[in-house]
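Here is the structure we will look at, set down as structure tokens.
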Amino acid sequence: MTCPYLEYRGESGGKQFDHERAYCSAAERFVQPMRADICNDRYDLNHEEHCEIYREHTGEVES
Amino acid sequence: MSYEDYLAGDPLIVTAALTGGVHGKEANPNLPEMPEEIGRAAAAVEKAGAAVVHLHARQPNGERSFAAERFQEIDDAVRQHAADVIIQHSTGGTGAPDEDRHLPLRTDPPPEMASLDMGPLNRYDRLTSENTRGMVDALHEEMRDNGIKPEMEVFNDGHLNEVHGLLKRRELAHPVYATLIFGGGTLTRPRPRNLLNAISNLPDGTLFNTLAFGRHQLPLTTMGILLGGHIRVGLEDNVYYRKGELAVSNAQLVERVVRIASELGREVATPDQARDILNLQS
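Laid out in structure tokens, this is it:
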């Protein structure tokens, strides 16, 4: 399962790309390619565990 | 390596880190991601004075690839545009399976050099690139068996211990080559005294390369030139030319350090001179 905040967009915020890239609708910005692997739950990565942006937006921030 | 080597005017090896594996065109649209772009960037940095290109692979959407086939496409493009430059593949890969980290070593021919991350480092808030000793040894073994020169990446002072430890565990071809890395987070704090300290704690005879992220790239690589070491610049490590001004190319960053080195009395090494200095097997 990929992150519910993950979208692929070709443009946003004045930035345009030839190929659609990973965009975080929670942070409202394109994400770094390394972070996109977390968004996509690739390898052993998991957005629920490894993404602080997801956790902040779903209230899973540790106190 | 030392200030005496600087005074002697030893040639300076400039490595250009063209792409990287963390940020991409979202950070600077001039960062090359596709094989043809990387090939042309390699030609431009070689013309500017770089002897080595440090390479990562990307998919068409900019996301990371570890596939040997993708590295092969990039190498083919680099050789088409810059036949003499030394190719150095990254074996880094935060979050990627260990077996995938070996794949960049399996092009035909293999890269002349490859990075070897010397220990753990944190990424973002909840991720760590482990780089266990077992992983370091396994990557080194495959490099050794294929005549690939390891470029040991020392992200912090603890990794200096790991360099000494690796030399106790395994026999490395001389000269040993280590990149001293400075920046935020887990990295050594980017301060001049920390570069001096790191150099003094390297095993005797080690050649060092200075890498610093962001605005620290220019001052610390300049120090590295003066201290007789080699340097790495490029958009992987720094997307700006100066504060608030994105770099227009990797070559722009190389051209600046080559100018500085020349003013300081060190000429840059050609790829063949670099091969001699590093004792590469090709």
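Chains as they are written, first to last, in this note's numbering: chain A, 3 to 65; chain B, -9 to 272. By construction, the Cβ of each residue, glycine as well, lies at the ideal position given by its N, Cα and C atoms.
DSSP, read as helix, strand or coil, puts N48 (chain A) in coil. Taking a beta-carbon distance threshold of 8 Å, Y7 (chain A) does not count as an interface residue toward chain B. Cβ-Cβ separation between A24 (chain A) and H59 (chain A): approximately 16 Å, too far for a contact (criterion under 8 Å).
Non-local beta-carbon contacts of R54 (chain B) in its own chain, meaning distances under 8 Å to residues more than five positions away in sequence, involve G11, H46, A47, R48, G83, A86 in chain order.
For Y167 (chain B), the secondary structure class from DSSP, reduced to helix, strand or coil, is strand. Non-local beta-carbon contacts of L243 (chain B) in its own chain, meaning distances under 8 Å to residues more than five positions away in sequence, involve A6, Q207, V223, G224, L225, N228, Y231, A237 in chain order.
For the segment 69 to 88 of chain B, the set of residues with a beta-carbon nearer than 7 Å to any beta-carbon of chain A comprises T84, G85, A86, P87, in chain order.
Counted as a single uninterrupted DSSP element, the beta strand (DSSP E) harbouring V223 (chain B) occupies residues 220 to 223.
Residues of the segment 50 to 65 of chain B that bring their beta carbon within less than 9 Å of a beta carbon in chain A comprise P50, N51, G52, E53, R54, in sequence order. Among the CB atoms of chain B, none fall inside 8 Å of the CB of M3 (chain A).
Sequence-distant partners of A40 (chain B) (beyond 5 residues in either direction) whose C-beta falls short of 6 Å from its own C-beta, in its chain, are V4, A6, V244. Residue state for V68 (chain B) is assigned as helix, using DSSP reduced to three classes. Fully contained in the segment -9 to 74 of chain B are the following beta strand (DSSP E) runs of length 3 or more, in chain order: 4 to 7, 42 to 45. Residues of the segment -2 to 17 of chain B that bring their beta carbon within less than 7 Å of a beta carbon in chain A comprise G11, V12, H13, G14, K15, E16, in sequence order. Along the segment 169 to 245 of chain B, the alpha helix (DSSP H) occurs as fully enclosed runs of 4 or more residues at 182 to 190, 207 to 216, listed in sequence order. Of B:T118, B:D65, B:E16, B:D135, the smallest CA-CA separation from A163 (chain B) is found for B:D135. Q263 (chain B): member of the alpha helix (DSSP H) spanning 261 to 268, first to last residue. Take Y7 (chain A), set aside five residues on each side of it, and the residues of its chain with a beta-carbon closer than 6 Å to its own are C26, S27, A28, in chain order. Looking at the DSSP output, L111 (chain B) shares a beta bridge with B:S119. Listed along chain A, the residues sitting closer than 8 Å to D115 (chain B) by beta-carbon distance are E54. L8 (chain A): member of the beta strand (DSSP E) spanning 8 to 14, first to last residue. Here G29 (chain B) is buried. Its C-beta has 16 or more other C-beta atoms within 10 Å. Within the DSSP bridge table, the entry for Y25 (chain A) names A:E9, A:F32 as partners. A Cβ-Cβ contact shorter than 8 Å links E54 (chain A) with Y114 (chain B).
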